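Asker: Residue 298 in our numbering sits at position 297 of the sequence shown; the count goes up by one each step and never skips. We put the CB at the ideal spot given by N, CA and C, even for glycine. Remember, it's a predicted structure, so these values are computed and weren't measured experimentally. Please read through the structure below; I'll follow up with questions.
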Amino acid sequence: MKENLRQSMAWLHTWSGLLTCWVLLVIFAGGTASYYQEEVTLWMEPELHGVAANKASSADAAAMAVKALQERAADAPRWFINLPTARNGAVRIAWTAPPPPEGAPRKRQRLKSALIDPVSGATLAEPRATRGGEFLYRLHFDLHYMSPLWARWIVGFCAMFMLVSIISGVITHKRIFKDFFTFRPNKGQRSWLDAHNATAVLALPFHLMITYTGLVTLMFMYMPGAAQVAYKGDRDKFTEEVFPSAGKPAKTPGEAAALAPLRPMLEQAEAHWGGGGHAGQITVNHPNHANASVSITRAGGRDLSYKQPAMQFDGVTGARLASAGEQLAPPAATHGVMYGLHVARFAEPLLRALFFISGLAGYAMVATGAILWAVKSRQTQAKALKAGARIGFGTRLVEALNIGAIAGLPIAMACYFWANRLLPVGMDKRPENEIAAFFAAWGAAALLAQIKPDRAMWRLQLAAGALLFGAIPLLNVLTTSSHLGVTLVDGPSAVAWFDITVLALGLLLGYGALRLGRGGVKEAKTAAVNAALEVAS
């Protein structure tokens with residue numbers, strides 16, 4: 002490290018970013034896509050595109066759900082109801098199997114579930130099996146194919162390096178705001194530096210927020226000591242105070258008794274929350290018994306915190322028993338807001354789009370930083386290369402990893418969506434095969450990049466990503482009846498916007514491939530002129 006502070010920070014900025022940049026690309030790609038997790042899942046379940054969205058009130062949808070549960074699982078010890086939202090139009094009901102008779106071996110209780118239409122109450126056919134947007138959401142902190150515990154430690158390590166890189170980058174820049182308005186195209190290293198500066202400054206508050214809050218979401222795993230000391234190892238007491246519940250259900254069901262209507266309970270809860278607060282989830286413990294209780298949790302999206310208040314009612318009389326989550330202790334409230342800022346479930350459509358664009362800017366910031374290091378390294382070796390020496394192993398490795406991560410990830414994500422449409426609907430382990438298509442495509446792109454990490458490989462992989470993303474709307478035309486020609490007019494609008502977004506991403510990747518092609522022609526002409534001058538001299 003250099004003696005000058007700015008030079009020291011420049012060194013720290015370079016290496017803290019480079020050593021983790023390829024993992025950070027995965028984190029940014031999965032995290033950015035997860036802002037539209039529900040919309041991605043809806044697109045990947047075309048069987049549900051015809052479900053009416055948000056046309057039934059919470060009370061009407063709950064009544065339909067209770068009727069369906071009474072028909073399917075009247076003797077179940079617990080019911081779960083996920084009410085429809087503006088982003089998810091179906092009602093998901095679930096229930097646990099009744100306990101086995103006395104003396105019989107006990108097995109782990111598995112949930113059974115079904116989808117119903119919130120308006121008609123009709124049972125909906127289960128859509129094709131898929132992990133949908135949940136895979137992309139969990140990819141950005143679980144990394145898949147490895148222990149979640151190890152994955153989260155790796156992600157936390159990279160996030161800490163990202164935070165160090167951001168702060169050291171701010172210290173390094175003398176003209177941080179001027180750099181935002183400066184871009185010099187076709188200038189090699191200067192152009193990549195300008196692109197890196199612009200994407201970094203464009204969403205600098207977002208980059209700081211998303212990195213810091215990402216660490217906060219897993220703070221109890223990274224730093225468990227404080228909670229263990231404060232609560233003397235009593236995890237139950239810690240959980241109850243930090244994540245309070247609206248009350249514990251009775252252990253025994255009691256005598257048979259009719260379940261009270263849910264409508265008055267829902268109306269009371271929503272009136273108490275006020276300000277447009279709607280119920281999101283309902284849990285019924287011991288339905289149709291004297292000790293029945295109903296827990297109603299408010300839907301997310303009303304405020305910054307991801308922690309939502311809940312109310313518990315007596316399942317027979319309908320009387321209110323308890324409430325939780327309305328007056329949290331300052332530390333718990335702060336944690337809830339930090340977590341809420343990270344997942345952005347509160348965001349309205351315009352703000353959600355801004356988060357998405359900022360996430361893309363983060364991806365571009367990391368990508369241009371990695372490319373900038375490779376360009377600088379190549380230039381420092383230019384004289385040696387003219388003398389006939391081979392490019393250094395480290396530079397070649399970084400260039401290959403850059404192509405495999407930066408251009409390969411879009412190929413993998415596009416192949417994930419293609420697999421959703423092309424794999425047989427009744428295929429065994431279908432979700433696992435969709436995910437396998439993602440990693441197979443990414444692995445193929447990374448291996449190809451190792452063979453020849455040059456401009457032609459960049460152009461090839463960017464063009465492949467452009468073709469795969471840009472052709473998804475056409476794929477939708479050939480495989481479903483909910484293509485752009487239909488969804489732009491009759492909806493669902495989320496499916497239309499998905500097709501438009503992937504088309505835009507395809508065009509962006511195609512533009513990148515086209516620019517690389519023009520740059521290659523220009524470099525070839527320059528090389529030919531230089532060679533002619535050397536011969537003439």
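Against chain C, with Cβ distances strictly below 8 angstroms, would H50 count as a contact?
Answerer: As a matter of chain content, chain C is missing from the structure shown, which is built from one protein chain.
Asker: What did DSSP end up calling D76 once you bin it into helix, strand or coil?
Answerer: Position 75 of the sequence shown, counted from the first residue, corresponds to residue 76. Correct three-state label for D76: coil.
Asker: How long is the line joining the alpha carbons of A257 and A34, rounded to whole angstroms?
Answerer: On the sequence shown, residue 257 is found 256 positions in, with the first residue counted as 1. On the sequence shown, residue 34 is found 33 positions in, with the first residue counted as 1. Going by the C-alpha atoms only, they are around 47 angstroms apart.
Asker: Give me the Cβ distance between G405 and R346, rounded to the nearest whole Å; I'm assuming they're in contact under 8 angstroms.
Answerer: Working through the sequence shown from its first residue, we reach residue 405 at position 404. Working through the sequence shown from its first residue, we reach residue 346 at position 345. With 8 angstroms as the limit, G405 and R346 do not qualify as a contact, their Cβ atoms being about 33 angstroms apart.
Asker: Can you tell me which of the three DSSP states T318 falls into?
Answerer: For the purposes of this step, residue 318 is identified with residue 317 of the sequence shown, where counting begins at 1. The answer is coil: DSSP assigns T318 none of H, G, I, E or B.
Asker: Quick check on this structure: which residue in A442, N403, A408 and K430 has the alpha carbon closest to the alpha carbon of W419?
Answerer: Locating residue 419 in the sequence shown gives position 418, where the first residue counts as 1. It is A442.
Asker: T21: buried (16+ other C-beta within 10 angstroms of its C-beta) or exposed?
Answerer: To locate residue 21, count along the sequence shown from 1; it is residue 20. T21 comes out buried.
Asker: Where does L305 fall in DSSP's three states?
Answerer: Position 304 of the sequence shown holds residue 305. The answer is coil: DSSP assigns L305 none of H, G, I, E or B.
Asker: What would DSSP say about M312, mapped onto helix, strand or coil?
Answerer: Along the sequence shown, one-based indexing puts residue 312 at 311. Correct three-state label for M312: strand.
Asker: Quick check on DSSP: helix, strand or coil for K249?
Answerer: By one-based count along the sequence shown, residue 249 stands at place 248. In the structure shown, K249 sits in coil (DSSP, three-state: anything other than H, G, I, E or B).
Asker: Just the C-alpha distance for L43 and Y37, rounded to the nearest angstrom, thanks.
Answerer: By one-based count along the sequence shown, residue 43 stands at place 42. By one-based count along the sequence shown, residue 37 stands at place 36. Each residue's Cα considered, the two are about 10 angstroms apart.
Asker: Ends of the alpha helix (DSSP H) at L112?
Answerer: To locate residue 112, count along the sequence shown from 1; it is residue 111. No alpha helix (DSSP H) contains L112, which is instead part of the beta strand (DSSP E) from L112 to I117.
Asker: Within 10 angstroms of its Cβ, does I473 collect 16 or more other Cβ (buried), or is it exposed?
Answerer: Within the sequence shown, the letter at position 472 stands for residue 473. Label assigned to I473: buried.
Asker: Within this structure, are the beta carbons of M339 and T214 separated by less than 8 angstroms?
Answerer: As a working note, residue 339 is residue 338 in the sequence shown. As a working note, residue 214 is residue 213 in the sequence shown. In contact: M339 and T214 (Cβ atoms closer than 8 angstroms).
Asker: Among residues of its own chain, excluding the 5 on either side of I167, which ones have a beta-carbon nearer than 7 angstroms to its beta-carbon?
Answerer: Taking the sequence shown and counting its residues from 1, one reaches residue 167 at position 166. Result list for I167: H208, L209 and T212, in chain order.
Asker: Relative to the C-alpha of D415, which candidate in N477, A362 and G319 has its C-alpha closest?
Answerer: Here residue 415 corresponds to residue number 414 of the sequence shown, with the count starting at 1. A small correction: the amino acid at residue 415 is Ala; Asp does not occupy that position in the sequence shown. Looking at the Cα atoms, N477 is the closest of the given residues.
Asker: Closer than 8 angstroms by C-beta to A464: which residues in its own chain qualify, once you throw out the five before and the five after it? Chain order, please.
Answerer: The count along the sequence shown starts at 1 and reaches residue 464 at position 463. Hits under 8 angstroms: L510, G511 and A514.
Asker: Under 8 angstroms by Cβ, that's how I've got L546 and R93 pegged, so tell me the actual separation to the nearest angstrom.
Answerer: Absent from the structure is residue 546, since the part of the chain shown begins at 2 and ends at 538.
Asker: Looking at H287 and P254, is the spacing between their C-beta atoms short of 8 angstroms?
Answerer: Here residue 254 refers to the residue found at position 253 of the sequence shown. Here residue 287 refers to the residue found at position 286 of the sequence shown. In this structure, H287 lies closer than 8 angstroms to P254 by Cβ.
Asker: Looking only at its own chain, which residues have a Cβ that is under 6 angstroms from the Cβ of A160, when we skip the five neighbours before and after it?
Answerer: On the sequence shown, position 159 is the one that residue 160 refers to. Result list for A160: T212, G215 and L216, in chain order.
Asker: Using the rule of at least 16 other Cβ atoms within 10 Å of the residue's Cβ for burial, across every protein chain shown, is K238 buried or exposed?
Answerer: As a position in the sequence shown, residue 238 is number 237, starting the count at 1. Its Cβ having fewer than 16 others within 10 Å, K238 is exposed.
Asker: Mind reading off the beta-carbon distance from M45 to T173? Whole number of angstroms is fine, and I expect it under 8 angstroms.
Answerer: Residue numbering aside, residue 45 sits at position 44 when the sequence shown is read from its first letter. Residue numbering aside, residue 173 sits at position 172 when the sequence shown is read from its first letter. Their Cβ separation, rounded to whole angstroms, is 42 angstroms, which puts M45 and T173 out of contact at 8 angstroms.
Asker: Can you list, in chain order, the stretches of the alpha helix (DSSP H) that have 4 or more residues and sit fully within the stretch 423-485?
Answerer: 431-452, 456-471 and 473-480
Asker: Do A152 and L144 have their C-beta atoms closer together than 8 angstroms?
Answerer: For this step, residue 152 is matched to residue 151 along the sequence shown. For this step, residue 144 is matched to residue 143 along the sequence shown. For the pair A152 and L144, the CB atoms are nearer than the 8 angstroms cut-off.
Asker: Which value, in whole angstroms, describes the spacing of the CA atoms of E64 and L424?
Answerer: Position 63 of the sequence shown, counted from the start, is the residue given in the question as residue 64. Position 423 of the sequence shown, counted from the start, is the residue given in the question as residue 424. Inspection of the sequence shows that residue 64 is occupied by Ala rather than by Glu. Using only the alpha carbons, I get a separation of about 37 angstroms.
Asker: When the Cβ atoms of the stretch 303-318 are set against those of the stretch 262-276, are three or more pairs found closer than 8 angstroms?
Answerer: yes
Asker: Counting along the chain, where does the alpha helix (DSSP H) carrying R176 start and finish?
Answerer: As a working note, residue 176 is residue 175 in the sequence shown. It is not in any alpha helix (DSSP H) - R176 carries neither H nor E in the DSSP assignment.
Asker: Check whether the stretch 445-462 and the stretch 70-90 are in contact - that is, three or more C-beta pairs closer than 8 angstroms.
Answerer: no
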